[in-house]
Amino acid sequence: MNRLAAAVVGLSITATVAHAVLPNEQLSDPKLESRARAISQELRCVVCQNQTIDDSDADLAHDLRVLLRERLLKGDSDEQAKAFLVKRYGTYVLLQPPFRPETLVLWLGPLLVLIAGGMGAGIYLSRRRPQTAEALSAEEENQVAALLGGQGR
Amino acid sequence: MKRLLFALPVALFAAVVAIFAIGLKRDPSKLPSVLINQPLPAFVLPAVRPHDAGLSSMQFRAEPRLLNVFASWCVSCRVEHPVLLQLKAEGVPVDGLDWKDKASDGARYLRVNGDPYMRAGNDRSGRTGIDLGITGVPETFVIDARGMVRYKHTGPIAPKDWTNTIKPLMDHLRAES
């Protein structure tokens with residue numbers, strides 16, 4: 001049991017988030033560096049897809065991180081720096097896809113499904129026959145009274 | 154009405170299965186190039202081979218050409234290499250871009266495996282490759298006589314890629330120019 005506890009503690013100490021950004025890539029200006037980090041967390045690594053270039057150990061991701069920092073040093077705004085890569089690799093590199101005609105289904109699809117489902121549920125509920133209890137006939141009342149041994153009405 | 158309500162979820166499920174089946178067949182590593190029908194980005198690269206002139210984007214004029222991105226460290230380039238040598242033998246103009254590689258390593262690679270390139274340029278930093286939207290090697294661009302990128306092939310060119318896709322396009326472009 002003690003061993004288990006030690007293992008859990010040991011693992012939780014060593015289980016830190018892996019960052020691929022190497023010290024020699026970082027900019028000396030902390031403001032620029034934090035901007036670079038924020039941008040690179042929004043950019044997809046084109047080699048190991050579904051990782052950001054901030055996370056990825058791929059050689060190309062390293063090159064793109066360095067390139068991004070160079071653009072910022074040259075005075076690019078965040079949007080300009082992103083546009084620089086989009087011009088080369090397409091909107092695919094943006095992990096947050098832009099709202100465009102070709103991404104309409106992506107953005108509005110879930111809403112449409114929700115509306116369709118809501119309408120279906122609404123129609124189903126409104127059509128369901130209301131269940132009202134019918135009153136017993138006189139004969140049935142007598143039967144009930146007989147079964148209850150005259151204790152009823 | 155009841156029957157329709159029963160069929161609806163089944164139909165939806167079938168549609169989702171169909172979409173996923175198509176999705177499974179597609180290779181997500183093959184990104185569409187944003188350069189298609191755009192001019193080849195400008196570059197001037199030093200030579201790979203000693204006593205050679207190197208490669209510049211301005212040289213992609215006058216006739217349709219292939220631009221093949223390769224590297225000495227690239228394993229699948231070795232798979233593709235015999236196809237490129239065959240293209241050279243058939244007289245197809247192929248130029249080479251040696252990506253993220255030392256020129257001396259690139260030159261040795263060509264010396265050992267055969268040299269399919271008319272012109273070859275060395276992109277040591279890999280920046281020209283990034284300008285071209287390279288995600289890995291090998292990649293091959295088809296560039297028309299006006300210097301416009303018309304097609305990009307990702308991965309090694311198999312003989313069937315050449316006969317089915319690239320050769321017809323090259324023939325078409327040659328007729329066009």
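Residue numbers (my numbering), protein chains in the order written: chain W, 1 to 153; chain H, 154 to 330.
Virtual Cβ for every residue (Gly too), placed ideally from N, Cα, C.
Which listed residue (the options) has its alpha carbon closest to that of residue i
{"i": "V290/H", "options": "G308/H, M301/H, A273/H and S278/H", "result": "G308/H"}
{"i": "V120/H", "options": "L322/H, K305/H, T318/H and E292/H", "result": "Within the shown structure, residues of chain H are numbered from 154 to 330, placing residue 120/H beyond reach of any answer."}
{"i": "F110/H", "options": "F213/H, F223/H and D324/H", "result": "This structure leaves residue 110/H out entirely; chain H is present only between 154 and 330."}
{"i": "R303/H", "options": "T288/H, H325/H and G282/H", "result": "H325/H"}
{"i": "P30/W", "options": "R69/W, R44/W, Q41/W and A20/W", "result": "R69/W"}
{"i": "R96/W", "options": "K87/W, L32/W, Q41/W and D54/W", "result": "According to the sequence provided, residue 96/W is Gln. The question's Arg does not apply to it. Taking only the C-alpha atoms, the option nearest Q96/W is Q41/W."}
Neighbour flag for residue i against chain H, beta carbons, 7 Å
{"i": "R153/W", "result": "Any reading at R153/W must be qualified, since the residue scores a pLDDT of 49, below 50, and its modelled position is unreliable; the value itself is stated next. Closer than 7 Å: no."}
{"i": "V46/W", "result": "yes"}
Where residue i falls, given that 16 or more other Cβ within 10 Å makes a residue buried
{"i": "L64/W", "result": "buried"}
{"i": "P269/H", "result": "buried"}
{"i": "N275/H", "result": "buried"}
{"i": "I115/W", "result": "exposed"}
{"i": "L73/W", "result": "exposed"}
{"i": "F294/H", "result": "buried"}
{"i": "K178/H", "result": "exposed"}
{"i": "M119/W", "result": "exposed"}
{"i": "R153/W", "result": "Caution is warranted here: a pLDDT of 49 is assigned to R153/W, below 50, making its placement in the model unreliable, and the coordinate value is therefore given only provisionally. Counting Cβ neighbours within 10 Å, R153/W comes out exposed, since fewer than 16 surround it."}
{"i": "R264/H", "result": "exposed"}
{"i": "P217/H", "result": "buried"}
{"i": "M323/H", "result": "buried"}
C-beta contact flag for residue i and residue j at 7 Å
{"i": "G300/H", "j": "L198/H", "result": "no"}
{"i": "V247/H", "j": "N221/H", "result": "yes"}
{"i": "A224/H", "j": "D254/H", "result": "yes"}
- Interface positions of the region 177 to 195 of chain H facing chain W (Cβ-Cβ less than 9 Å), listed along the chain: Answer in chain order: P181, S182, L184, P185, S186, V187, L188 and P194.
- Item | Under 9 Å (Cβ pairs) to chain W, residues found in the region 265 to 290 of chain H | Result list: S278, G279, R280, G282, I283, D284, L285, G286, I287, T288 and G289.
- Task: Please list the residues of the region 63 to 90 of chain W that have a C-beta atom closer than 9 Å to any C-beta atom in chain H, keeping them in chain order.
- Result: Those residues of the region 63 to 90 of chain W that come within reach of chain H (Cβ to Cβ, closer than 9 Å) are D63, L64, L67, L85, V86, K87, R88, Y89 and G90.
- Message: Using a Cβ-Cβ cutoff of 8 Å, what residues of the region 49 to 62 of chain W are near chain H? List them in chain order.
- Response: Residues passing the 8 Å Cβ filter: Q49, D59 and L60.
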